[in-house]
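Below is one structure, written out as structure tokens, with a few remarks after it.
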Amino acid sequence: MSMSEVLTESIRNAEQAWRKNASRLAEWAFKKLVNREDVFGSYIPLEQRTAGKTARTQHCKITLEIFRKHFLVKVDSNREGLIGVHSTSKDNRCRWMVIDIDNHKNISEMAKNNKKAAIDLYTKLQQMGLHPLLTSSGSSGGFHLWLIFTSPVESRLVYEFGNNLVSNWKDMGLDSKPEIFPKQEEIQPGKCGNFVRLPGIHHTNPFYSRVYTGKEWLQGREAIDYLIANKLNDFPRNQVSARKPKTNQSFEARFEKMLLSVKGTSIGSKLPPENQRIVAKFLAKLSGVTQTSAGWQACCPAHADRNPSLSVGFGQKVLLVTKCFSGPDCTFEKICDATGMEAKDLTSRPSTHEEMTDLPDRPEMVLTEADNQFQVNSEKYRCPLKSTHLSNLAKRLGVSIEALRSIGTGWNPELECWTFPEHNGKGQVCGIMKRYKNDSKKTVKGSKRGLTLSNGWDKGLGVLHICEGASDTAALLSRGLKAIGIPSRNYKADDLVILLGKVKNLSLAVVPDNDPADPDHESAGKLALTLKEHLKCPVKLITFNRNCKDLREYHKSNPSN
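Residue numbers are given in this note's numbering: position 289 of the sequence shown equals residue 1598, and the series is strictly consecutive.
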């Protein structure tokens, strides 16, 4: 048997072992390596990669199944499904540290030096009483040295500890300083930091991770068993200084940023300055703050929140309302106490509250559990959406791929159907429509019918077209027009009026389908009149060739008109 045949057999045996143990490995990684559940690194399929671009960040909920798929990736695949985990949580804590020793130049002498340095660092950590995990990350002399902690540790301490370990990298015979994950002391609010590829198959080469025991290198099932059995470590705080942490931003800087955010909202812009400053001060005291269509999302200060579970928004009769989705006992009072703010300041009636009631029947900005779950599911279905799914649907409907991306099209791999999020008047996802390969359509259980929104629907100049459904919206977007979709011709305009009430200088056009049940477009006429009365803006009624039943059909048969 030739060397190449032995190598191939070895790789196939390793592939079989990693795939067979995918569920065990996924549970191990999910339990011990996740710092953030809302984002992960995803490797781009080989044929789609460009120079210097091999992976991207996916902003959606990470699941056990996503981990399992990583360990199921085959040697002869395009590496789609390979993922990495981020090193730092939103509140700047780390469950692990990695020292990454690379040999991108594939120099044999460098590979020897790298291996010696990796083993020396492994031995040094063992001498500290720690339980490091050393894996080979490629066949050309790349290594990942993991140290997994019993509980999350401040990122600044992990960063300092790792850099202290490799401070003498030149004396270790290395060509360059190894990368330390986390790569920075702290990450800025709203940022993700960096991610490390999970053990398993290499993202390019036909190579599976091998694991060092201190005496030998294991591969296949033995390597997997050793990896999963690796002991956790108490962080060696005696190895780092006791200096105070650096802050990424002063409170004043965070306050100014939040004040701009408050003033930039339709409701916040109408508040008196003293109320704007109270809201901005409250937001500045929270961590991981990001703006949403309903207000803001942040880590809840009333419990140990690793991932943002707190929703903050303006109330109808009070200044602010909050809802924590992770801590059932996180009352508004407890949240205020944790920030040092007075609850009465945040629940007081704004002094110019009458200026905030110009939108009809505006609901309080409180996310329900159902709203939150539909939002999560909408993002979840976007992750498995492949370019083939998009191109197939675009061809079937006669619309552009860009238009389908713009309206948030996703893919449900279990049901093998495309998904389309629908939104309420606050811009939140309130339901999900499913479209199957036989063109039948159903809604996800518990969905409320809502609006189809596209990226940037409220930006730029030009007429905003109101049409029926996701495919009609995609057809108009494919023609370079701005569009919003309503679920049916009998749709009540409440949510649409609430949504559009935030937009200045509106010019609308209602474009109904050619429905035999409404040959004179009476429903569309009523909708146009309602919008004109409530929004005080010009509204046109536009019809098209009656030989086409809907806009999608018209666009497909008249792409240039």
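Virtual Cβ for every residue (Gly too), placed ideally from N, Cα, C. Keep in mind that this is a model prediction, so the values were computed, not measured.
| Asked | Found |
| --- | --- |
| Among all the DSSP beta bridges, which residues are the ones paired with L1442? | W1455 |
| Let's see if you can read the secondary structure: which residues bound the alpha helix (DSSP H) around T1839? | E1831 to L1844 |
| Would N1721 and Y1690 qualify as a contact pair, given that the criterion is a beta-carbon distance under 7 Å? | yes |
| Just the C-alpha distance for R1546 and A1323, rounded to the nearest angstrom, thanks. | 38 Å |
| Per DSSP, what are the beta-bridge partners of T1752 in this structure? | M1742 |
| H1379 by DSSP, collapsed to three states: which one? | helix |
| Closer than 8 Å is the cut-off here; do at least three beta carbon pairs connect the segment 1848-1862 with the segment 1751-1769? | no |
| Determine the closest residue to A1335 out of P1461, I1489 and L1507, with distance taken between C-alpha atoms. | L1507 |
| Going by beta carbon distance, what residues of the same chain come within less than 6 Å of W1526, once the five residues before and after it are set aside? | R1519 |
| Please classify D1654: does DSSP put it in a helix, a strand, or coil? | helix |
| Could you give the DSSP three-state label for T1513: helix, strand or coil? | coil |
| What residues in its chain sit with their C-beta under 7 Å from that of A1652, if we drop five residues either side in the sequence? | F1641, E1642 and C1645 |
| From Q1528, L1466 and S1749, pick the residue whose C-alpha is nearest to that of S1301; which is it? | Because the chain here runs from 1310 to 1870, residue 1301 falls outside it and cannot be looked at. |
| DSSP has Q1606 in a bridge; who is on the other side? | T1599 and S1620 |
| Roughly how far, in whole angstroms, is the beta-carbon of L1860 from the beta-carbon of A1784, given that I think they are within contact range, below 8 Å? | 5 Å |
| Is there contact here, the segment 1365-1380 with the segment 1417-1428, by at least three beta-carbon pairs under 8 Å? | no |
| Please report how far the alpha carbon of K1743 lies from the alpha carbon of V1753, in whole angstroms. | 7 Å |
| Just to confirm before moving on: does the CB-CB distance between F1564 and A1589 stay below 7 Å? | yes |
| Taking a contact to mean a Cβ-Cβ separation below 7 Å, would you say G1604 touches G1622 in this structure? | yes |
| Pairs of beta-carbons, one from the segment 1444-1451 and one from the segment 1462-1478, closer than 8 Å: are there three or more? | no |
| Ordered along the chain, which non-local residues of its own chain (more than five positions away) have a Cβ less than 7 Å from that of P1487? | I1408, D1409, I1410, V1475 and W1478 |
| According to DSSP, is M1567 part of a helix, a strand, or is it coil? | helix |
| Tell me the rounded alpha-carbon separation between L1762 and G1778. | 10 Å |
| Provide the residue span of the beta strand (DSSP E) that contains T1366, from first to last. | A1364 to Q1367 |
| Please state if the CB of N1542 and the CB of H1395 are separated by a distance shorter than 7 Å. | no |
| Apply the 10 Å Cβ neighbour rule to D1822 and answer buried if 16 or more other Cβ atoms are within range, or exposed otherwise. | buried |
| Using a C-beta cutoff of 7 Å, does K1566 count as contacting chain B? | The displayed structure is made up of one protein chain only, and chain B is not part of it. |
| If I'm right that Q1367 touches V1348 with Cβ under 8 Å, what's the distance once you round it to whole angstroms? | 7 Å |
| Given T1301, which residues of its chain have a CB within under 8 Å of its CB, disregarding the five upstream and five downstream residues? | A question about residue 1301 goes unanswered here, because the residues of the chain that appear run from 1310 up to 1870. |
| What span of residues does the beta strand (DSSP E) with W1727 cover, start to end? | C1726 to H1732 |
| Quick one: what does DSSP say H1612 is sitting in, helix, strand or coil? | coil |
| Going straight from the alpha carbon of D1827 to that of I1741, what length do you get? | 26 Å |
| Could you tell me if N1412 is buried or exposed, where buried requires 16 or more neighbouring beta carbons within 10 angstroms of its beta carbon? | buried |
| Would S1687 be called buried (16 or more neighbouring beta carbons within 10 Å of its own) or exposed? | buried |
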